[in-house]
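Position one of the sequence shown corresponds to residue 4 (this note's numbering), numbered consecutively onward. Working notes, beginning with the structure itself.
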Amino acid sequence: MTNIVELEMDFYNSEDLVDILGVNDKNIKLLSKLLDIKIFSNNQHILVDTEDSLKIEKIKKIFLVLEQLIRNNIVFGERDIIYINHMVDKVDKSEIIALFLSRKEIIKTFTGKPVFPKTLNQKKYLEAIESNTLIFGIGPAGTGKTYLAVLSALKKLKENKIKRIILTRPAVEAGEKLGFLPGDLKEKIDPYLRPLYDAMYEILGLKQSTELIEKGIIEIAPLAYMRGRTLENAYVILDEAQNTTINQMKLFLTRLGFGSKMIVTGDITQSDLPRQVLSGLVKASYILKNLDDINIMYFDETDVVRHPLVQTIIKRFENAKD
Numbered sequence: 004m005t006n007i008v009e010l011e012m013d014f015y016n017s018e019d020l021v022d023i024l025g026v027n028d029k030n031i032k033l034l035s036k037l038l039d040i041k042i043f044s045n046n047q048h049i050l051v052d053t054e055d056s057l058k059i060e061k062i063k064k065i066f067l068v069l070e071q072l073i074r075n076n077i078v079f080g081e082r083d084i085i086y087i088n089h090m091v092d093k094v095d096k097s098e099i100i101a102l103f104l105s106r107k108e109i110i111k112t113f114t115g116k117p118v119f120p121k122t123l124n125q126k127k128y129l130e131a132i133e134s135n136t137l138i139f140g141i142g143p144a145g146t147g148k149t150y151l152a153v154l155s156a157l158k159k160l161k162e163n164k165i166k167r168i169i170l171t172r173p174a175v176e177a178g179e180k181l182g183f184l185p186g187d188l189k190e191k192i193d194p195y196l197r198p199l200y201d202a203m204y205e206i207l208g209l210k211q212s213t214e215l216i217e218k219g220i221i222e223i224a225p226l227a228y229m230r231g232r233t234l235e236n237a238y239v240i241l242d243e244a245q246n247t248t249i250n251q252m253k254l255f256l257t258r259l260g261f262g263s264k265m266i267v268t269g270d271i272t273q274s275d276l277p278r279q280v281l282s283g284l285v286k287a288s289y290i291l292k293n294l295d296d297i298n299i300m301y302f303d304e305t306d307v308v309r310h311p312l313v314q315t316i317i318k319r320f321e322n323a324k325d
């Protein structure tokens, strides 16, 4: 038995409605899947097949957000709709609209495509990077922690506000030992630094990235190479920090020099350290909270900007029993 309800959305004009529905109704098909209800249109109104008043109210909020984005010529896609669906019951819709209306371009890719923060937490993270000396970005894969840190560093380098960028991560592997891998130390380590290279290549291209690395303006190295150094006038990014021991984290943080900024990123749920070894990221995030000039930013599955299935996978693993 069906219970068709017409949403009272008379403020749409016909062009707004077409844009909200998406090509071949792809937007309402996606929302139908996300909310597990039937949503359809007769080209004049939006209809839903449900008696759930909470879902009806949620759908109205989502369409109000989408309508405002359209009226402000903001282009949105599948990822944006998924995010709006996640957030519309958690924050006021005006905050979500403001994210899209006020988002500032971080930098352009090598091909000229502008890059923007995609979630409220990403926006706050970038603001924290701008206004603090030491920043921790903690959360699951795909939330943009490292990517945004590298982009922020490249932007400052392009603006000649820093002299170099140092990208590092601990040489701890998931299931393999470095000694069994072929090549010298650099060749052994490079596969574990690949995400850092990828972000850099996307913005600078291969040629310019290679030139800056050869000149030492961008340095990509394992954490062990940081010992005994003082790092000044640089952006220093520690990736996969959940795999640092407490001593390694202390070693890294005490490399901070004048004119530098440190960004530490990691996922405390995915440590490759032995079970009995406490992660330096866990320790640091606990003992350094509520200190001036230090910001600890936490991301969750709603900030995942990869394929929609990644959010589902993360949630299932978090809810699964051992």
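Backbone N, C-alpha and C fix where the C-beta goes; we use that ideal spot for every residue, glycine too. Since this is a predicted model, take the numbers as computed values, not measurements.
Two segments are said to touch when three or more pairs of C-beta atoms, one from each, lie closer than 8 Å; by this definition the segment 267–277 does not touch the segment 218–230. Residue environment: Asn246 is assigned as buried (16 or more neighbouring CB atoms within 10 Å of its CB, all protein chains considered). Assignment of beta-bridge partners to Tyr301 by DSSP yields Ile141. Cβ-Cβ distances below 7 Å link Gly260 to Thr233, Leu234 and Glu235 in the same chain, with the five nearest sequence neighbours on each side left out; the list follows chain order. In the DSSP annotation of this structure, Glu222 is not part of any alpha helix (DSSP H); the continuous beta strand (DSSP E) holding it starts and ends at Ile221 to Pro225. A check of alpha carbon separations from Leu207 across Glu243, Ala224, Ala156 and Ile240 identifies Ala156 as the nearest. Annotation note: the segment 36–87 contains the following uninterrupted beta strand (DSSP E) runs of length 3 or greater, listed N- to C-terminal: 41–44 and 49–52. The segment 290–300 and the segment 134–150 touch, with no fewer than 3 CB-CB distances between them shorter than 8 Å. The beta carbon of Glu205 is closer than 8 Å to those of Thr112 and Phe113 in its chain, skipping five residues each way along the sequence. Within the segment 98–148, the complete beta strand (DSSP E) segments of 3 residues or longer fall at 137–141, listed in chain order. Excluding sequence positions up to five before and after Asp28, its CB lies within less than 8 Å of the CB of Phe43 and Ser44, all in the same chain and listed in chain order. At a Cβ-Cβ threshold of 8 Å, Pro143 and Val267 do not count as neighbours.
Secondary structure note for Ile165: it is in no alpha helix (DSSP H), with a DSSP letter that is neither H nor E. CA-to-CA, the gap between Lys166 and Lys158 works out to about 12 Å. DSSP places Ala287 in the uninterrupted alpha helix (DSSP H) bounded by Gly283 to Ile290.
Within the model, the alpha-carbon separation for Lys64 versus Met90 is close to 10 Å. The DSSP-derived three-state label of Gly269 is strand. The shortest C-alpha to C-alpha distance from Tyr150 to any of Ile240, Val68, Ser97 and Lys210 is the one to Ile240.
By the Cβ rule, the segment 52–69 counts as touching the segment 34–43, because three or more pairs are nearer than 8 Å. Excluding the 5 residues flanking it on each side, Thr146 has same chain C-beta neighbours closer than 6 Å at Phe302, Asp306 and Val307, in chain order. Cβ-Cβ distances below 7 Å link Leu33 to Glu81 and Ile84 in the same chain, with the five nearest sequence neighbours on each side left out; the list follows chain order.
Look at Val239 here: in three-state DSSP terms it is strand.
Just so you know, the alpha carbons of Asn322 and Ile316 end up roughly 10 Å apart.
Counting the other Cβ atoms within 10 Å of the Cβ of Lys264 gives 16 or more, which makes it buried.
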